[in-house]
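Asks: These protein sequences, in sequence, are chains A and B. In my numbering, each residue carries its 1-based index in the first sequence increased by 477. In my numbering, each residue carries its 1-based index in the second sequence increased by 11. Ideal Cβ positions, reconstructed from N, Cα and C, are used throughout, including at glycine.
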Amino acid sequence: MGFFQVELTKNVRVHPRHFHSKLKETLIQTLMDEVEGTVSGRFGFVVSVLEVLQPLPKGILREGFGFAVYPLKYKALVFRPFKGEVLDAVVTNVTRHGIFAQVGPLTIFVSRHQIPSDMTHDEETASYISVVEKAERIQRDSAIRLRVNGIKIDASSFTAVGTILDDYLGLIE
Amino acid sequence: MGLCSCLFPITRRHCSSGDKYLLESWLVKTGDQVRPLQVLAVVQGPLEEAKAWKDDREPQSRTEPLCIQTEKKETMELVNLASSNLDFSVILKEYLPSGKDRTSTTAGGQQNTNYWGLRLSEKVTGKVDALVVNQNHVIQPQQMVLSVDVCDHKVQFNGNCALCGIEMDIYSASPILESPREFSTRTDWTLSNKHHLNPAYTHPQLRVSRNELELVEGENTRRLLRRKKLSLVLDLDNTLIHATLVSHFPQEWYQYKQEIYQQATEKALECSAPLMEDIHELDLDGSISLVKLRPNVRRFLEKIHQRYELHIYTMGSRSYADAIATLLDPSGNLFQRRIVSRDDFVEGMMNRKSLRRIFPCDDSMVIIVDDREDVWMDHNQGEMVPNLIRAKPYLFFVQDVHENMNNHLVWDSTTTSIHPSSESHKESFANISTCMLTCLNWKENLESGCYFPYLPWVQKTVESDENYLGRLEQLLIQIHESFFKEMEQCHNVSQTDDSNHVKLPLRDVKLILAEMRHRVLRNCYLSFTGIFRLEESPEVSTVWRLAEEFGAICNKQVTSQTTHLIVDSQRGLHTGKTKYALRRGDIFLVTLEWLETSMQYYIRASELQFALFSTSLSHSYGNDLEEYRKVIEKRHEQFVQNGLCPQKSPSKPSVKRRKMEYSSSEEDNTSTWIDSSSQNNQTKYHQSDDKTSPYHKEQDDHLELEWTASYLASELERELMNDPLCLSGGGESS
Chain A
478 MGFFQVELTK NVRVHPRHFH SKLKETLIQT LMDEVEGTVS GRFGFVVSVL
528 EVLQPLPKGI LREGFGFAVY PLKYKALVFR PFKGEVLDAV VTNVTRHGIF
578 AQVGPLTIFV SRHQIPSDMT HDEETASYIS VVEKAERIQR DSAIRLRVNG
628 IKIDASSFTA VGTILDDYLG LIE
Chain B
12 MGLCSCLFPI TRRHCSSGDK YLLESWLVKT GDQVRPLQVL AVVQGPLEEA
62 KAWKDDREPQ SRTEPLCIQT EKKETMELVN LASSNLDFSV ILKEYLPSGK
112 DRTSTTAGGQ QNTNYWGLRL SEKVTGKVDA LVVNQNHVIQ PQQMVLSVDV
162 CDHKVQFNGN CALCGIEMDI YSASPILESP REFSTRTDWT LSNKHHLNPA
212 YTHPQLRVSR NELELVEGEN TRRLLRRKKL SLVLDLDNTL IHATLVSHFP
262 QEWYQYKQEI YQQATEKALE CSAPLMEDIH ELDLDGSISL VKLRPNVRRF
312 LEKIHQRYEL HIYTMGSRSY ADAIATLLDP SGNLFQRRIV SRDDFVEGMM
362 NRKSLRRIFP CDDSMVIIVD DREDVWMDHN QGEMVPNLIR AKPYLFFVQD
412 VHENMNNHLV WDSTTTSIHP SSESHKESFA NISTCMLTCL NWKENLESGC
462 YFPYLPWVQK TVESDENYLG RLEQLLIQIH ESFFKEMEQC HNVSQTDDSN
512 HVKLPLRDVK LILAEMRHRV LRNCYLSFTG IFRLEESPEV STVWRLAEEF
562 GAICNKQVTS QTTHLIVDSQ RGLHTGKTKY ALRRGDIFLV TLEWLETSMQ
612 YYIRASELQF ALFSTSLSHS YGNDLEEYRK VIEKRHEQFV QNGLCPQKSP
662 SKPSVKRRKM EYSSSEEDNT STWIDSSSQN NQTKYHQSDD KTSPYHKEQD
712 DHLELEWTAS YLASELEREL MNDPLCLSGG GESS
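Quick look at the structure:
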């Protein structure tokens with residue numbers, strides 16, 4: 478899985494009312510609140526802030542606002558899948574057009590063209606059933622192993638397209 | 012390194028190839044007609060195709076067949092170029108100044124001196140389908156070398172092609188469907204072939220090309236046919252349920268509930284059952300709403316489920332839709348995931364529903380049941396969606412309880428001000444709750460279940476709704492049967508089909524529905540009075556259009572054929588048409604409600620029930636309206652058979668003579684006048700020419716008008732005294 482530890486910088490704004498002895502804690506808390514769970518550009522999904530690099534930089538007062546801005550450097554654990562990577566995912570929705578699966582925050586779509594042709598879609602049970610082995614079916618909450626074909630990272634969304642068309646991909650027993 | 016080239020007309024857009032693949036993105040516009048140009052990539056003789064394309068488009072675009080060369084010669088056999096990140100360089104003959112040769116190092120000089128490289132920014136990715144020539148083959152100019160199965164990106168997920176995985180933004184290949192406006196005309200519809208659509212029940216970010224969608228939907232259609240099912244799209248609010256926010260009636264509900272619980276002996280609960288059952292509280296994001304299921308709704312769904320695949324399409328939010336669906340269908344079998352809410356589409360048109368969102372390709376097997384037709388209206392064409400059955404709106408809770416309360420206050424004690432203070436409000440609440448309790452106690456004594464305790468927040472009309480879903484069920488089953496009967500007939504004719512391939516329907520539910528509609532008011536000749544405003548022309552009004560859709564024949568004037576006069580219960584009482592119709596005696600005077608009910612139930616409603624002057628009609632025929640209707644129907648059959656209108660209008664002298672009769676009989680017996688007039692009608696039919704409708708004459712005859720007005724006024728007064736219910740019943744519809 479594509480977990481990485483990266484060093485990132487974030488400008489944290491602090492309200493003047495926090496200018497007291499617990500400023501440091503406030504800073505770190507604000508950083509965590511603002512950063513964790515978001516998608517940051519090419520680095521991917523920030524899972525958690527591991528540590529804030531010391532010493533803390535000096536804040537710069539914003540003119541006219543009274544806010545102080547701290548350019549904090551921190552180490553973060555990020556989740557960043559890559560094209561070609563093989564991931565284990567949980568199926569969230571099975572449709573005629575393919576399977577939607579989830580790996581943590583990442584939504585992956587597996588088109589019906591990327592599903593082996595010996596698996597057919599069954600509308601009634603909303604699942605893909607193997608022609609050969611009837612018990613083998615991909616439905617909601619199944620675990621599948623897939624390869625990521627392409628990734629799209631936006632500020633708001635974090636999606637990928639995948640395939641289970643290769644050897645050793647597909648349903649995980 | 013050898014050069015591998017292939018003839019390959021290429022656009023700025025993505026293109027597909029392989030063999031005989033229709034390029035979606037190339038459309039030729041000639042005049043008004045837009046047609047996709049079939050461009051075969053990598054087949055013999057693409058020059059002609061490309062030339063055809065060139066003639067229709069601007070000449071400066073790259074219309075010449077292009078060559079694709081690849082630098083990775085050795086991995087040419089069936090390599091997935093998408094995954095190997097292979098770049099094609101595209102060579103364009105036209106652009107070849109010999110000096111600016113960038114890829115000459117890679118192009119094997121001796122093999123093909125005619126082609127020089129020029130790297131363009133476009134990338135083509137795809138699978139190499141077949142390699143035609145051997146590695147050491149000398150390639151002639153314009154000779155096919157390999158065929159590349161280029162991904163046409165027909166499925167895209169959030170800007171990624173789901174087939175090859177590349178990001179689509181660079182190409183901006185498929186303009187995403189932004190507004191349904193694009194579907195306004197037929198040409199636009201063809202144009203939209205190149206758009207990618209969002210299939211229902213997936214993900215708002217998923218876009219699928221039209222061809223692909225048609226393929227998948229076609230598969231679904233076949234599945235439904237095999238299972239002998241149609242699709243049914245149901246609305247929630249006011250169709251299956253009625254919901255209201257608890258904040259609309261604050262303490263009252265809780266008071267009522269508390270008291271029920273306090274006094275809840277088994278009996279008390281039992282007797283409040285018919286009204287109070289299936290009222291549920293929903294807590295959605297902090298606001299609590301009360302939901303009343305329409306009577307028999309569960310039974311209805313269960314029954315209909317055997318013949319229809321059920322969908323929900325609501326304008327409510329996702330969480331609301333899901334919550335209601337769980338209420339209606341706790342097992343989750345009926346709807347599964349076929350629920351559309353306003354959150355499911357990016358292009359949010361809040362006040363409109365479109366069938367294309369669920370059935371983008373084929374709506375010939377879909378029935379919609381909704382209480383509102385305006386949301387389904389195609390605003391560009393102003394036409395009703397032909398799949399729609401307009402359901403009778405289900406209203407259970409009074410919308411604005413406070414207003415209702417105030418009204419009651421005013422009603423009860425005239426001394427109370429129009430805007431009661433909060434004190435009096437509370438009092439009234441207390442009063443009502445005690446009133447409810449007494450009602451409930453009273454109820455215990457009543458054996459029959461038809462009595463409803465008076466509750467101020469419940470609509471008075473709920474009782475009349477009991478049967479509607481039953482009728483709807485009947486209707487839907489009828490449609491289903493007629494559809495599949497037709498199907499089977501088709502199937503018997505063409506026995507050649509194998510079991511796997513079920514023929515796509517020739518039959519269309521839209522036509523079945525239209526036929527059924529047309530049968531409802533067949534042989535009814537309608538005329539209206541007091542309903543349309545003077546400035547609007549009645550032919551374009553909704554009522555008129557609907558009536559004709561339901562098989563009635565509308566006319567502005569009351570003619571000799573007219574069977575029904577739709578009278579507005581307030582404005583239409585003293586119009587010339589009403590007077591004439593009254594005097595004729597064989598015209599049903601009905602309220603607009605009659606028309607409405609007929610349309611909702613898909614059956615001709617009883618004229619007796621919605622008659623405006625039921626007493627005057629019953630006078631003449633002794634309550635035997637059925638017989639009366641038969642007379643009319645028989646007459647119309649004759650009309651149809653003769654093809655002409657045999658009925659002649661009575662001549663003017665006869666009218667005057669009748670006037671004498673009326674005035675003499677007026678005092679002692681009101682019923683005789685219609686009798687005599689109808690007798691006159693029958694006898695005088697053939698005396699005058701058919702062009703002069705008595706109605707026209709009447710307008711000119713001031714004397715006569717005066718007389719009828721005064722007569723009618725007295726007649727009306729008498730009727731009001733005798734039968735106030737009749738008129739007030741009509742008044743509700745206005």
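Among B:Lys567, B:Ser548, B:Phe539, B:Glu550, which has the Cα closest to the Cα of threonine 602 of chain B?
Replies: Comparing Cα-Cα distances from threonine 602 of chain B to each of B:Lys567, B:Ser548, B:Phe539, B:Glu550, the minimum goes to B:Phe539.
Asks: For leucine 648 of chain A, which of A:Phe542, A:Arg617, A:Ala637 has the nearest alpha-carbon?
Replies: Checked all of A:Phe542, A:Arg617, A:Ala637; the closest Cα to leucine 648 of chain A is A:Arg617.
Asks: Closer than 9 Å, CB to CB, is alanine 603 of chain A near chain B or not?
Replies: With 9 Å as the cut-off, alanine 603 of chain A counts as an interface residue toward chain B.
Asks: Helix, strand or coil for asparagine 249 of chain B? Go by DSSP, reduced to three states.
Replies: Looking at asparagine 249 of chain B - three-state DSSP - the assignment turns out to be coil, as it is neither helix nor strand.
Asks: Can you tell me whether DSSP reads alanine 332 of chain B as helix, strand or coil?
Replies: Alanine 332 of chain B: helix per DSSP, three-state reduction.
Asks: Per DSSP, what kind of secondary structure is glutamine 482 of chain A in: helix, strand or coil?
Replies: Strand at glutamine 482 of chain A.
Asks: Determine, using beta carbons only, whether arginine 589 of chain A comes closer than 9 Å to chain B.
Replies: Yes - at least one Cβ of chain B is within 9 Å of the one on arginine 589 of chain A.
Asks: So, helix, strand or coil for tyrosine 591 of chain B, using DSSP?
Replies: In this structure, tyrosine 591 of chain B counts as helix in the three-state DSSP scheme.
Asks: Here's a check: name, in chain order, each residue in its chain whose Cβ is nearer than 7 Å to the Cβ of leucine 538 of chain A, leaving out the five neighbours to either side.
Replies: The residues are Ala545.
Asks: Please name the residue or residues paired with glutamate 178 of chain B in a DSSP beta bridge.
Replies: In DSSP, glutamate 178 of chain B forms a bridge with B:Asn171.
Asks: DSSP on glycine 229 of chain B, reduced to helix/strand/coil?
Replies: Here glycine 229 of chain B sits in helix by DSSP.
Asks: Can you grab the Cα-Cα spacing for the pair histidine 316 of chain B / isoleucine 350 of chain B, in whole Å?
Replies: Looking at the two C-alpha atoms, the distance is approximately 15 Å.
Asks: Checking the sheet assignment: what are the DSSP bridge partners for isoleucine 537 of chain A?
Replies: In the DSSP output, where bridge partners are listed per residue, isoleucine 537 of chain A has A:Val546.
Asks: Beta strand (DSSP E) containing aspartate 599 of chain A: first to last residue?
Replies: Unbroken beta strand (DSSP E) run through aspartate 599 of chain A: 596-599.
Asks: Between which residues of its own chain and glycine 639 of chain A is the CB-CB distance below 8 Å, once the five residues before and five after are set aside?
Replies: Here the set comprises Leu564, Ala566, Ala578, Ile585, Phe586, Val587, Gln591, Leu623, Arg624, Val625, Asn626.
Asks: On the three-state DSSP scale, how would you describe isoleucine 614 of chain B?
Replies: Three-state result, isoleucine 614 of chain B: coil.
Asks: Skipping 5 residues on each side, what residues in its chain have a beta carbon closer than 8 Å to that of valine 302 of chain B?
Replies: Around valine 302 of chain B: Ile252, His253, Ala254, Ile290, His291, Glu292, Leu293, Ile335, Leu338.
Asks: For alanine 211 of chain B, which three-state DSSP category applies?
Replies: DSSP places alanine 211 of chain B in coil when its eight states are reduced to three.
Asks: Quick one: using the 10 Å Cβ neighbour count with 16 as the cut-off for buried, is proline 558 of chain A buried or exposed?
Replies: That one is buried.
Asks: Assuming the contact rule is C-beta atoms closer than 8 Å, phenylalanine 635 of chain A and valine 516 of chain A should be a hit. Round their C-beta distance to whole Å, please.
Replies: At roughly 5 Å, the Cβ-Cβ gap stays under 8 Å, so phenylalanine 635 of chain A and valine 516 of chain A are in contact.
Asks: Pull up the DSSP beta-bridge partners for aspartate 381 of chain B, would you.
Replies: B:Arg401.
Asks: I'd like to know if histidine 316 of chain B contacts chain A, where contact means its C-beta is closer than 9 Å to some C-beta of that chain.
Replies: Chain A contact via Cβ: absent.
Asks: Taking lysine 314 of chain B as part of the alpha helix (DSSP H), name the residues at either end of that continuous run.
Replies: 308-316 is the span of the alpha helix (DSSP H), which, as asked, contains lysine 314 of chain B.
Asks: Answer with buried or exposed for proline 493 of chain A, where buried requires no fewer than 16 other C-beta atoms within 10 angstroms of its C-beta.
Replies: Per the 10 Å Cβ criterion, exposed.
Asks: Is asparagine 570 of chain A helix, strand or coil by DSSP?
Replies: Of the three classes helix, strand and coil, the one that applies to asparagine 570 of chain A here is strand, per DSSP.
Asks: Are the CB atoms of aspartate 299 of chain B and leucine 256 of chain B nearer to each other than 9 Å?
Replies: One point to set straight first is that residue 299 of chain B is isoleucine, not aspartate, in the sequence displayed. Their beta carbons are under 9 Å apart, which means isoleucine 299 of chain B touches leucine 256 of chain B by this criterion.
Asks: Could you give the first and the last residue of the continuous alpha helix (DSSP H) run that contains histidine 529 of chain B?
Replies: It spans 520-531 - the alpha helix (DSSP H) in which histidine 529 of chain B sits, taken as one unbroken run.
Asks: Using the Cα positions of glycine 541 of chain A and glutamate 513 of chain A, report the straight-line distance between them to the nearest angstrom.
Replies: Going by the C-alpha atoms only, they are around 29 Å apart.
Asks: Counting pairs of Cβ atoms below 8 Å between the region 568-575 of chain B and the region 545-556 of chain B, do you hit three or more?
Replies: The region 568-575 of chain B is not in contact with the region 545-556 of chain B.
Asks: Which of helix, strand or coil does DSSP assign to tyrosine 551 of chain A?
Replies: In the structure shown, tyrosine 551 of chain A sits in a strand (DSSP, three-state: E or B).
Asks: Quick check: is the beta carbon of isoleucine 369 of chain B nearer than 9 Å to any beta carbon in chain A?
Replies: Not one chain A Cβ lies under 9 Å of isoleucine 369 of chain B.
Asks: Taking only beta-carbon atoms, is leucine 174 of chain B less than 9 Å away from chain A?
Replies: Output row for leucine 174 of chain B: interface = yes.
Asks: Looking only at its chain, what residues have a beta carbon closer than 7 Å to the beta carbon of proline 70 of chain B, apart from the 5 residues adjacent to it on each side?
Replies: Because the pLDDT of proline 70 of chain B is 35, which lies under 50, any placement of that residue in the model is unreliable, and the question is left without a value.
Asks: Determine the burial state of asparagine 478 of chain B: buried for a count of at least 16 other Cβ atoms within 10 Å of its Cβ, exposed for fewer.
Replies: Asparagine 478 of chain B is exposed by the Cβ-count criterion.
Asks: Do three or more CB pairs link the region 498-510 of chain A to the region 607-615 of chain A at distances below 8 Å?
Replies: Segments in contact, no.
Asks: What's the call for aspartate 355 of chain B, buried or exposed, on a 16-neighbour Cβ count within 10 Å?
Replies: That one is buried.
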